[in-house]
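Residue numbers (full-length UniProt numbering): 1 to 138.
Some notes on the structure that comes next.
This is how it looks when you write it as C-alpha coordinates:
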(Lines of atoms letter the chains of each structure in order from A and count residues from 1; the text may use other names and numbers.)
(Lines give C-alpha, C1' and ligand atoms only; values in the text may rest on other atoms or scores of the structure.)
Protein backbone atom coordinates (compact mmCIF):
# COMPACT_ATOMS: atom_id res chain seq x y z
CA UNK A 1 0.00 0.00 0.00
CA UNK A 2 1.46 3.35 -0.98
CA UNK A 3 1.08 6.59 0.91
CA UNK A 4 0.65 10.07 -0.62
CA UNK A 5 4.26 10.84 0.34
CA UNK A 6 5.47 8.11 -2.04
CA UNK A 7 4.63 10.33 -4.99
CA UNK A 8 6.47 13.39 -3.65
CA UNK A 9 9.87 13.65 -5.33
CA UNK A 10 13.05 13.96 -3.31
CA UNK A 11 14.55 17.39 -3.97
CA UNK A 12 18.30 17.10 -4.55
CA UNK A 13 20.44 20.21 -4.70
CA UNK A 14 23.47 19.81 -7.00
CA UNK A 15 26.09 22.54 -6.58
CA UNK A 16 29.05 23.16 -8.87
CA UNK A 17 30.33 26.15 -10.80
CA UNK A 18 30.88 23.66 -13.66
CA UNK A 19 27.73 22.76 -15.60
CA UNK A 20 29.41 19.53 -16.78
CA UNK A 21 29.93 18.37 -13.19
CA UNK A 22 26.29 19.08 -12.36
CA UNK A 23 25.18 17.12 -15.43
CA UNK A 24 27.47 14.17 -14.55
CA UNK A 25 25.86 13.96 -11.10
CA UNK A 26 22.33 14.10 -12.50
CA UNK A 27 23.08 11.54 -15.22
CA UNK A 28 24.83 9.24 -12.72
CA UNK A 29 21.82 9.18 -10.38
CA UNK A 30 18.98 9.43 -12.86
CA UNK A 31 15.33 10.01 -11.99
CA UNK A 32 15.10 7.11 -9.53
CA UNK A 33 18.38 5.56 -8.36
CA UNK A 34 16.65 2.85 -6.31
CA UNK A 35 13.16 1.27 -6.42
CA UNK A 36 12.69 1.95 -2.67
CA UNK A 37 13.09 5.69 -3.25
CA UNK A 38 10.71 8.22 -4.79
CA UNK A 39 11.79 10.02 -7.95
CA UNK A 40 14.49 12.67 -7.63
CA UNK A 41 13.89 16.27 -8.60
CA UNK A 42 17.12 18.19 -9.15
CA UNK A 43 17.86 21.80 -8.31
CA UNK A 44 21.02 22.85 -10.16
CA UNK A 45 22.98 25.63 -8.46
CA UNK A 46 26.16 27.42 -9.60
CA UNK A 47 26.76 29.93 -6.77
CA UNK A 48 27.08 29.82 -2.98
CA UNK A 49 24.34 32.42 -2.25
CA UNK A 50 21.80 30.35 -4.19
CA UNK A 51 22.89 27.19 -2.32
CA UNK A 52 22.24 28.95 0.98
CA UNK A 53 18.90 30.34 -0.23
CA UNK A 54 17.70 26.89 -1.34
CA UNK A 55 18.92 25.15 1.80
CA UNK A 56 17.27 27.78 4.01
CA UNK A 57 13.95 27.14 2.24
CA UNK A 58 13.64 23.74 3.95
CA UNK A 59 12.58 22.00 0.72
CA UNK A 60 15.88 20.24 -0.05
CA UNK A 61 16.25 16.60 1.08
CA UNK A 62 19.86 16.05 -0.04
CA UNK A 63 22.73 18.31 -1.12
CA UNK A 64 25.55 17.22 -3.42
CA UNK A 65 28.33 19.81 -3.30
CA UNK A 66 31.39 20.03 -5.54
CA UNK A 67 34.46 20.37 -3.32
CA UNK A 68 36.40 21.71 -6.31
CA UNK A 69 33.96 24.52 -7.13
CA UNK A 70 35.33 28.06 -7.42
CA UNK A 71 35.27 30.51 -5.69
CA UNK A 72 33.33 28.75 -2.91
CA UNK A 73 34.23 25.08 -2.48
CA UNK A 74 31.65 22.52 -1.47
CA UNK A 75 33.49 21.47 1.69
CA UNK A 76 33.41 24.96 3.16
CA UNK A 77 29.75 25.32 2.21
CA UNK A 78 28.99 21.91 3.77
CA UNK A 79 30.60 22.99 7.04
CA UNK A 80 28.63 26.24 7.03
CA UNK A 81 25.36 24.40 6.34
CA UNK A 82 25.98 21.90 9.14
CA UNK A 83 26.87 24.72 11.56
CA UNK A 84 23.93 26.97 10.68
CA UNK A 85 20.95 24.81 9.68
CA UNK A 86 19.11 22.91 12.41
CA UNK A 87 18.61 19.30 11.27
CA UNK A 88 20.50 19.97 8.04
CA UNK A 89 19.72 17.44 5.30
CA UNK A 90 22.45 14.96 4.37
CA UNK A 91 25.38 16.30 2.34
CA UNK A 92 27.58 14.49 -0.17
CA UNK A 93 30.84 16.23 -1.09
CA UNK A 94 32.60 15.59 -4.38
CA UNK A 95 36.32 15.59 -3.59
CA UNK A 96 39.22 16.27 -5.94
CA UNK A 97 40.74 12.85 -5.23
CA UNK A 98 40.10 9.88 -2.93
CA UNK A 99 42.81 11.06 -0.49
CA UNK A 100 40.72 14.18 0.24
CA UNK A 101 37.98 12.19 2.00
CA UNK A 102 39.37 13.30 5.39
CA UNK A 103 38.54 16.90 4.43
CA UNK A 104 34.95 15.88 3.87
CA UNK A 105 34.96 14.55 7.44
CA UNK A 106 36.03 18.01 8.63
CA UNK A 107 33.14 19.55 6.68
CA UNK A 108 30.73 17.18 8.49
CA UNK A 109 29.41 15.84 5.17
CA UNK A 110 27.83 12.42 5.54
CA UNK A 111 29.59 11.05 2.44
CA UNK A 112 32.42 11.85 0.02
CA UNK A 113 32.79 10.71 -3.58
CA UNK A 114 35.95 11.54 -5.56
CA UNK A 115 36.25 13.03 -9.04
CA UNK A 116 36.01 11.67 -11.66
CA UNK A 117 32.48 10.74 -10.71
CA UNK A 118 31.85 6.99 -10.61
CA UNK A 119 28.06 6.55 -11.09
CA UNK A 120 27.98 3.36 -9.00
CA UNK A 121 29.92 4.87 -6.10
CA UNK A 122 27.79 8.05 -6.16
CA UNK A 123 24.53 6.07 -6.31
CA UNK A 124 25.62 3.82 -3.41
CA UNK A 125 26.47 6.86 -1.27
CA UNK A 126 23.19 8.62 -2.06
CA UNK A 127 21.01 5.52 -1.62
CA UNK A 128 22.74 4.77 1.69
CA UNK A 129 21.86 8.24 2.94
CA UNK A 130 18.32 8.44 1.60
CA UNK A 131 16.93 4.94 2.28
CA UNK A 132 16.70 5.33 6.08
CA UNK A 133 14.54 8.45 5.65
CA UNK A 134 11.98 6.76 3.37
CA UNK A 135 9.02 5.41 5.34
CA UNK A 136 8.55 1.64 5.18
CA UNK A 137 5.49 0.41 3.32
CA UNK A 138 3.61 -2.80 3.94
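The beta-carbon is built from N, C-alpha and C at its ideal position, and this holds for glycine as well.
For the beta strand (DSSP E) containing residue 177, name the first residue and the last one. With the chain covering only 1 through 138, there is no way to say anything about residue 177.
Residue 73 and residue 67 closer than 8 Å at C-beta: Here residue 73 refers to the residue found at position 73 when the chain shown is read from its first residue. Here residue 67 refers to the residue found at position 67 when the chain shown is read from its first residue. Residue 73 places its beta carbon less than 8 Å from that of residue 67.
Looking at the strands, I want to know which residues DSSP matches up with residue 40. Here residue 40 refers to the residue found at position 40 of the chain shown. DSSP output for residue 40 lists 10 as bridge partner(s).
Assuming the contact rule is C-beta atoms closer than 8 Å, residue 51 and residue 77 should be a hit. Round their C-beta distance to whole Å, please. As a working mapping, residue 51 is identified with position 51 in the chain shown. As a working mapping, residue 77 is identified with position 77 in the chain shown. Right, the Cβ-Cβ distance comes to about 6 Å (below 8 Å), so this counts as a contact.
The region 84-96 touching the region 28-37, judged by at least three CB pairs closer than 8 Å: Judged by Cβ distances under 8 Å, the region 84-96 makes no contact with the region 28-37, as fewer than three pairs qualify.
At what residue ranges does the region 15-82 contain a whole run of the beta strand (DSSP E), taking only runs of 3 or more? Entirely contained in the region 15-82, the beta strand (DSSP E) runs reaching 3 residues are, in chain order, 40-45, 62-66.
With a threshold of 16 other CB atoms inside 10 Å of the CB of residue 93, please say whether the residue is buried or exposed. If you number the chain shown from 1, residue 93 lands on position 93. Buried is the call here.
Excluding the five sequence neighbours on either side, which residues of its own chain have a C-beta within less than 6 Å of the C-beta of residue 64, listed in chain order? Residue numbering aside, residue 64 sits at position 64 when the chain shown is read from its first letter. Closer than 6 Å at the Cβ level, and outside the excluded window around residue 64, lie 14, 25, 92.
Taking DSSP as the reference, what is the three-state secondary structure of residue 89? Looking up residue 89 in the chain shown gives position 89. In the three-state scheme derived from DSSP, where H, G and I count as helix and E and B as strand, residue 89 is classed as coil.
Between which two residues does the beta strand (DSSP E) holding residue 167 run? With the chain covering 1 to 138 only, the question about residue 167 has no answer from this structure.
Could you give the distance in angstroms between the alpha-carbon of residue 20 and the alpha-carbon of residue 60? Here the question's residue 20 lines up with position 20 in the chain shown. Here the question's residue 60 lines up with position 60 in the chain shown. Spanning the two alpha carbons is a distance of roughly 22 Å.
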